[in-house]
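Chains as they are written, first to last, in the numbering used here: chain D, 370 to 893; chain Y, 370 to 893.
Quick reminder that beta carbons are idealized off the backbone N, C-alpha and C, glycines included.
Each remark here refers to the structure printed beneath this line.
Number of protein chains: 2
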Amino acid sequence: MRKLYLLACALAASIALATLPAPAALAQTTVERWGRAEIALPGPSSGNPFMEVDLSATFRQGAQTVKVAGFYDGDGQYKIRFMPPESGDWEYETHSNRAQLNGRKGKVTATAPSAGNHGPVRVHNTRHFAYEDGTPFWQVGTTSYAWAHQTEALEQQTLKTLAAAPFNKLRMAIFPNHDDKNEPPRFPFAGHPPKAWDLTRFNPEFFRHLERRVGQLGDIGIEADLILFHPYDKGYWGFDRLPADVNQRYLRYVVARLSAYRNVWWSMANEFDFLKEKTMADWDNYFQTVQREDPYNHLRSIHNAFVFYNHTQPWVTHVSVQSGAIAEDFERAVLFRDVYNKPVVYDEVKYEGNFSRRWGQLKPEEMVLRFWEGAIAGTYVGHSESYEDPNGMVWLAKGGTFKGSSPPRLAFFRKILSESPPEGLEPIDKWQNHPFAGKHAQYYLGYFGLGTPKDWPFVLFKTGLQDGMKFRAEVIDTWNMTVTPVDGTFEIVKRDNYTFADKNGRSIALPGRPYMALRIIRIP
Amino acid sequence: MRKLYLLACALAASIALATLPAPAALAQTTVERWGRAEIALPGPSSGNPFMEVDLSATFRQGAQTVKVAGFYDGDGQYKIRFMPPESGDWEYETHSNRAQLNGRKGKVTATAPSAGNHGPVRVHNTRHFAYEDGTPFWQVGTTSYAWAHQTEALEQQTLKTLAAAPFNKLRMAIFPNHDDKNEPPRFPFAGHPPKAWDLTRFNPEFFRHLERRVGQLGDIGIEADLILFHPYDKGYWGFDRLPADVNQRYLRYVVARLSAYRNVWWSMANEFDFLKEKTMADWDNYFQTVQREDPYNHLRSIHNAFVFYNHTQPWVTHVSVQSGAIAEDFERAVLFRDVYNKPVVYDEVKYEGNFSRRWGQLKPEEMVLRFWEGAIAGTYVGHSESYEDPNGMVWLAKGGTFKGSSPPRLAFFRKILSESPPEGLEPIDKWQNHPFAGKHAQYYLGYFGLGTPKDWPFVLFKTGLQDGMKFRAEVIDTWNMTVTPVDGTFEIVKRDNYTFADKNGRSIALPGRPYMALRIIRIP
């Protein structure tokens, strides 16, 4: 019945289109669902197209409508990018204040997504993430602010490093970073550094380069957490203190160009509170602009230095936090989960490295510990690296290669996560110094951190448990990356008001080393 | 000039009043500023005055107007209570839908507050409290839910206990507590227990008793944190599941009766999320009702079980939280300060006692530790007691006397707080495991908790410091309640990017016991 109705609608639409005078042959494009269709239209190049030409398109499938902004790409070329949210045919019509660009019609056919295309990442089960097709997204992030402002060779090296790395999300800045000292090869506005910018004209080449890199990240399964503003310009180029109207135009242009990339996340800022020229109302406003302009509702958050943004605001999809201490233990990390009822990502928890600054001198063991403690709290953590280098080649700043030894352990960590229940890891027994997360009566992942227990009495918190349930167990060495099955099975009986225990009172032997974990899985 | 103008206004007001036909002699009352004037008016007792008679009064001083709701107190008596927010004359006029109660005029003269009357407690310096006259309020709270639903003898005993105790805030419930088993002597509605209530009629005797107790708490310097709803009725009397209109009437009646008591705080609930009949929108609504009806803007918050209310809402003046683990270390406790930018009170952090339930078995040392850790985080903590008793005499439930040994240590703690800077204790160096709070370059209070250091190198975080500054120090044993001055003074020099240290590299000797603190004070 529903299919027949849709078919009828499609026929009706075709007929209607056939009777209209088309300005050109009806454009047809085929892409995957959540792929990217690009409609290129020639248009006026006189005057200032960035300021004077409006362009958008409405895409329709049955009752569903998606309105998408187009953008000027220089040299008389206009583009509209579309990420089909559903498979099937999408008919579109353009809208413009220029006749040449107005009323153009066409069709985008979205095929089923290919293997590896799971759609954009969404909030899942309140405090977790999943791709739109339901595949869990276990966030294991890293940060390299200016990696896409380097030489071609270095950027290729970074992509090669990332392709072999455990990270599935990368925080990266759109504006270049003056702290890095070297002059970036491209700038977002027409004009010349340091400050002779024509703020009414974007530099399309800058954005084409950025998009290529975002696309390449997507190809290797990495979400691009795009940082829209940051304070590391310090007025040198002035991108940290643009006039209000330029900031709005910039946000709209970025969203028009990039929102059709399914692996985009929007981060309003890095260390927003260090951008002293902007008020809290400005940040609210940027969020609202991005939310309004992005037809696909990509994830949105903002990253702090010392002042926290109000992540309870409805336009914040998930929590992105810098805190130097919060991921040191799971009972700290869980607290923000309680506050926000959204996914919590501790994007900056200090970095692995040997910098003289206190934020950049974690030992690799300390870096890895934070990911585990975060996971036991039902939250997510971010990595980066700050090892001194005579040539300033620091992953955090420019990418390149890793010097540290946390990445292989984080690959192991991610593998363990990916074997966990798709609902996400939920803390098992809050406020009781109980280092387990998982799914009651099904799956328990425990982590002892710096503790060096020699055994663990087989005792589980009561929720969902019944006498006679059976479990198997594995001892996990998170640093040495081993998983060792424990012999035999454990059958539980009620022990007290709060717990069930192995009926024979058995314990699991542990090696008395730090960084050990336990996995306990119910036997059906 | 200002005085002359006020005098002129007063004369004008007198003259105007003199020319109006007064229904009776102009009532005159004199009370202290922040005291309580009560205007009693006879009125109709027929029908249902609670439902049918509206009464309010407008108090005026110069350009300032305070609109106050009156209430029916039974037996044909109506009352209007007024807490003058400023000294001087306040002229009033009543408003009613009954002629007998309408247009009544009079004057309340507010004299300067007497010693010990500092006004209501307000938010101070963003994350702290002070009385309205600027005197710091160092919150050291306790909880006794149903102490005001006991026998006269027991309630007198509780008051005697409190008068000698360190606590300056008491959480107490307005509705009785069915968990306590014994039948309370009074109920808030007319009718009979368990459920034969006339929900259209309040029981004035119940409220007169409650007010007397709130007033007595005020007399001994204790703020009454009045819990407006709680889940411990479980439908027995049904006060946890009243119809929506009754809840609103109840809130208005309580606020009308009690808001003129300067020591009142409003707590929308204890463990709000256990009241399954109420939605989050209901709680928002209760807050808004209380905010609208209370002319004095007393402090407002709400207490949780496992779900957290959104304390960023503008009608929440301070954070009131139950968390079984957050006050165990200052680096946890500081996190909610960062989130909320409001005063943070950890009203329930588990209780001192020997209950079988995990929330009621803290050792006294653990109870006291939480107050200190909270203070070092720039936050505030609450106490209660749950020691088993053959007669059910538990402080948490009914009051009486203390069985525990934390109160003298909390008296000592409060004394130390009261000697701290009036701006409140602010964390000195966040995220660096630095257990000091205070005021940069002036006052440092450190606490080592369970740590047992044998010395402390004299090293201070850099903010505000300069070479040559001198300090004195005291070693504080928070459990044994001693303050021992350290011999000599310490002169600092810059040590590195982050710290200044004693120029001779000296340390302060510590006894290698837990629960030790340090106080370091700048010598001018």
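Asked	Found
Residue(s) in a DSSP beta bridge with D/Y812	D/K808 and D/I890
Selected residue, minimal CA-CA separation from Y/L470, among Y/L597, Y/K448 and Y/Y665	Y/K448
D/G833 at chain Y interface by Cβ criterion, 9 Å	no
Rounded C-alpha distance that separates Y/P392 from Y/T480	Model confidence at Y/P392 stands at a pLDDT of 48, short of 50, so the residue's coordinates are unreliable; what they give is reported in the following sentence. Looking at the two C-alpha atoms, the distance is approximately 27 Å.
Short CB-CB distance (under 9 Å) between Y/I695 and chain D	yes
Residues from the region 773-805 of chain Y in contact with chain D, defined by Cβ distance under 9 Å	K799, W800, Q801 and N802
Alpha-carbon spacing of D/G607 relative to D/P562, whole angstroms	10 Å
Cα-Cα separation, Y/V844 to D/T853	50 Å
Close-in-space but distant-in-sequence residues of the same chain around D/F576 (CB under 6 Å, 5 per side omitted)	R626
Top-ranked residue by Cα proximity to D/A468, from D/N494, D/G445, D/P413 and D/E455	D/P413
Residues bridged to D/D594 [DSSP beta-bridge criterion]	D/R540 and D/W634
Presumed contact (8 Å Cβ cut-off) between Y/R727 and D/Y813, rounded CB distance	The Cβ separation is near 19 Å, so there is no contact.
Test: Y/S692 CB closer than 9 Å to a CB of chain D	yes
Y/P454 versus Y/R402 - alpha carbon distance	6 Å
Where D/Q657 falls: helix, strand or coil (DSSP)	helix
Residue of D/Y884, D/T398, D/P482 and D/V492 minimising C-alpha distance to D/D458	D/T398
D/A451 - containing beta strand (DSSP E), residue span	Correcting the residue type first, residue 451 of chain D is Phe in the shown sequence and not Ala. Looking at the DSSP string, the run of the beta strand (DSSP E) that includes D/F451 is Q446 to F451.
According to DSSP, residues forming a beta bridge with Y/E843	Y/P854 and Y/R888
Cutoff 9 Å: D/N866 Cβ touching any chain Y Cβ	yes
Neighbourhood of D/F782 by C-beta distance below 6 Å, restricted to the same chain and skipping five residues each side	F740
Cutoff 9 Å: Y/L704 Cβ touching any chain B Cβ	The structure shown has no chain B; the protein chains it does contain are D and Y.
Chain-ordered chain Y contacts of D/S725 [CB-CB under 8 Å]	N866
Spatial neighbours of Y/N546 in its chain, beta-carbon cut-off 6 Å, leaving aside the 5 residues before and after	Y514, A515 and Y601
Contact between the region 412-426 of chain D and the region 500-507 of chain D (3+ Cβ pairs under 8 Å)	no
Neighbour list for Y/N679 in chain D, Cβ cutoff strictly below 8 Å	T681
As assigned by DSSP and simplified to three states, the class of Y/V763	coil
Span of the beta strand (DSSP E), counted from its first residue to its last, around Y/F440	Q433 to Y441
Selection from D/Q660, D/A878 and D/T527 that minimises the alpha carbon distance to D/T770	D/T527
Residues bridged to D/E462 [DSSP beta-bridge criterion]	D/T427 and D/K474
Within 9 Å, strictly: CB atoms of Y/N322 and Y/R540	The structure shown does not extend to residue 322 of chain Y, since chain Y is modelled only from 370 through 893, so no value can be given for it.
Any C-beta of chain D under 9 Å from that of Y/N494	no
Within chain D, partners of Y/D707 - CB distance below 7 Å	F677
Reduced DSSP category for Y/T398 - H, G, I as helix; E, B as strand; rest coil	strand
Contacts that Y/R701 makes with chain D (C-beta to C-beta distance below 7 Å)	E700, R701 and L704
In chain order, each alpha helix (DSSP H) run of at least 4 residues that lies wholly inside the region 486-533 of chain D	521-532
Y/N551 at chain D interface by Cβ criterion, 9 Å	no
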